Amino acid sequence: MATPNQACPYEAPAWARDHLMKTPENGRLKLGNFPTPLYKMNPFSGNHDLNFFVKRDDMTGGPELGGNKIRKLEFLLADALAQNCDSVVTIGGEQSNHCRATAAAARMVCLHPHLILRTKREEELSTFGYTGNILMDRMVGSTIYTCTPGEYGRLGSAELVSRVCAHIESDARTKSNKPYPIPVGGSNGLGTWGYIEGVHELLQQWDSSVGSLDHVVFACGSGGTAAGIALGMALAYADSKAMPVVHAMGVCDSPEIFYNDVAIIADKMGFTHPTMDAKEFVRQHLVAHQAKGLGYAVSTQEELDFVAKFACETGMVLDPVYSGKALYHFLKEVVPKDPGEYQGKNVLFWHTGGALGLYDKGDDLLDTLNQISPVKRLDVYGKGGGGTVAI
Ligand SMILES: *Cc1c(COP(=O)(O)O)cnc(C)c1O
Numbered sequence: 150m151a152t153p154n155q156a157c158p159y160e161a162p163a164w165a166r167d168h169l170m171k172t173p174e175n176g177r178l179k180l181g182n183f184p185t186p187l188y189k190m191n192p193f194s195g196n197h198d199l200n201f202f203v204k205r206d207d208m209t210g211g212p213e214l215g216g217n218k219i220r221k222l223e224f225l226l227a228d229a230l231a232q233n234c235d236s237v238v239t240i241g242g243e244q245s246n247h248c249r250a251t252a253a254a255a256r257m258v259c260l261h262p263h264l265i266l267r268t269k270r271e272e273e274l275s276t277f278g279y280t281g282n283i284l285m286d287r288m289v290g291s292t293i294y295t296c297t298p299g300e301y302g303r304l305g306s307a308e309l310v311s312r313v314c315a316h317i318e319s320d321a322r323t324k325s326n327k328p329y330p331i332p333v334g335g336s337n338g339l340g341t342w343g344y345i346e347g348v349h350e351l352l353q354q355w356d357s358s359v360g361s362l363d364h365v366v367f368a369c370g371s372g373g374t375a376a377g378i379a380l381g382m383a384l385a386y387a388d389s390k391a392m393p394v395v396h397a398m399g400v401c402d403s404p405e406i407f408y409n410d411v412a413i414i415a416d417k418m419g420f421t422h423p424t425m426d427a428k429e430f431v432r433q434h435l436v437a438h439q440a441k442g443l444g445y446a447v448s449t450q451e452e453l454d455f456v457a458k459f460a461c462e463t464g465m466v467l468d469p470v471y472s473g474k475a476l477y478h479f480l481k482e483v484v485p486k487d488p489g490e491y492q493g494k495n496v497l498f499w500h501t502g503g504a505l506g507l508y509d510k511g512d513d514l515l516d517t518l519n520q521i522s523p524v525k526r527l528d529v530y531g532k533g534g535g536g537t538v539a540i
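FYI, this note's numbering numbers position 262 of the sequence shown as 411, with every residue one higher than the one before it.
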């Protein structure tokens, strides 16, 4: 039995201790469902000659908590409680999975969630809506602040979070005067420990009778997941030749930006190495790919059709903004460039969640749904008529 707001002492894996000097001091909460399942599957209609595994971090929690962010939040919210904060402030896109998970997790430990959502909508707040992640944000009573993409771009996410924190501290009516700021995606030095632990968990699960783990593939947005997986794998394998290739599929920025962001996170974690600085180490142990397609949270019909087909073949629903784009672009662009590198190899896709984002794409999916999922009217009374199904 777990008590959500009671932090457990955290001990970093032995392989991390000598290289990541800033270990979490305030422990870890038990909010998610760990270990998440690891499955071997056989999708893609036999089109790809690789052994496919899925690490299901979409199953870290129910719809309100699920996805990769809860791993980070277990550390971040332990810190918020240790600092006697009474609320959290974070920021993301309108359909942010991170904001939704943060809001629900905050409520689990009695913190008030404040979310800054970037949106093009001009409507009144009262008609802000309830689609997908927003429904969950609002179900748990988040206070939502909106800003436009232009404002977000000019001020930057950190500045917006800090201004909202200052507003809360000075506004007696919010009855909340010690907010805990969480950066976009929860991707700072502390949150990233969630994926150091994720690697630890995966390596304990991996059954070496199927051979080595050759490639790890996942979606990359704010870089914390990539930082945790790349540093974790590199340190756990300690530069042995058997280390899997870590593929971060960037859905919003260029590979150059991600190499840089991940190195910054590594530095924040107190990265030390006898011969390399964080920048060089990250470049040696991470391959960042462009998987943005038309742009962040914008889907092509092919990407959406891929998500639908994958769901039909596996019963597993990817999301349009992150996991779906990541796997689509990996199979469409990365594998064909060097097929020999993947042939017969063990490729693990780390499913990072996000399915609530599909609600936002319903209209674009409708034609595909009508093809893959027929809906038929029952002719219960034998009246006949076109298109009905007599039973
Ligand atoms: C946030 C998110 C990611 C990206 O993780 P980062 O740590 O921000 O890079 C991937 N998939 C889903 C579903 C997400 O919500």
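Heads up, the beta-carbon is just placed ideally off N, CA and C, and yes, glycines get one too. Since the model is a prediction, treat every value here as computed from it, not as a measurement.
- Straight-line spacing of the CA atoms in valine 238 and cysteine 314 works out to 7 Å.
- Bridge pairing for tryptophan 499: Lys204 [DSSP].
- Taking C-beta atoms as the reference points, glycine 242 and threonine 501 fail to come closer than 8 Å.
- Distances from the CA of phenylalanine 407 to each of Tyr386, Ala457, Gln439 and Lys390 were compared; the closest alpha carbon is that of Gln439.
- Within a 10 Å sphere around the beta-carbon of cysteine 259 sit fewer than 16 other beta-carbons, which makes this residue exposed.
- Boundaries around valine 431 are those of the alpha helix (DSSP H), 427-434, since no beta strand (DSSP E) includes it.
- Straight-line measurement puts the Cα of asparagine 246 at about 9 Å from the Cα of glycine 281.
- Taking a C-beta distance under 8 Å as the contact criterion, serine 361 and asparagine 495 qualify as a contact pair.
- When secondary structure is reduced to three states using DSSP, methionine 257 falls in the helix class.
- Annotated three-state conformation of cysteine 401 is coil, per DSSP.
- The Cβ atoms of leucine 226 and alanine 250 do not sit closer than 8 Å to each other.
- The Cβ-Cβ distance between valine 411 and alanine 375 falls below 8 Å.
- With a cutoff of 8 Å on beta-carbon distance, leucine 309 and glutamine 492 are scored as not near each other.
- The shortest C-alpha to C-alpha distance from leucine 187 to any of Val348, Asn196 and Ser336 is the one to Val348.
- Between ligand 1 and serine 472, a heavy atom-to-CB distance of less than 7 Å is present.
- With the rule of 3 Cβ pairs closer than 8 Å, the region 504-515 does not count as touching the region 381-388.
- A Cβ-Cβ separation of about 14 Å leaves methionine 150 out of contact with asparagine 182 under the 8 Å criterion.
- The way I'd put it, the region 412-420 doesn't touch the region 453-465; fewer than three beta-carbon pairs between them come closer than 8 Å.
- Taken in chain order, the whole alpha helix (DSSP H) runs of length 4 or more contained in the region 460-530 are 472-478 and 511-521.
- Short note on aspartate 468: C-beta closer than 7 Å to some heavy atom of ligand 1.
- In terms of CA proximity to alanine 437, Val365 leads the group Gly381, Val365, Gly489 and Glu452.
- Annotation: glutamate 451 to phenylalanine 479 spans about 14 Å, alpha carbon to alpha carbon.
- CA-CA distance, phenylalanine 201 to glycine 195, rounds to 11 Å.
- Annotation for methionine 190: the continuous beta strand (DSSP E) segment containing it runs 187-190.
- Nearest in C-alpha terms to threonine 424, of all of Gly278, His168, Asn233 and Pro158, is His168.
- Of Met382, Thr292, Gly373 and Glu429, the smallest CA-CA separation from aspartate 363 is found for Met382.
- In the DSSP assignment, cysteine 369 is bridged to Gly399.
- Just so you know, the alpha carbons of asparagine 233 and valine 431 end up roughly 35 Å apart.
- For cysteine 369, the distance from the CB to the nearest heavy atom of ligand 1 is below 7 Å.
- Remark: the shortest separation between the CB of alanine 415 and any heavy atom of ligand 1 does not fall under 7 Å.
- The Cβ neighbour count for tyrosine 530, taken over all protein chains shown within 10 Å, is under 16; the residue is labelled exposed.
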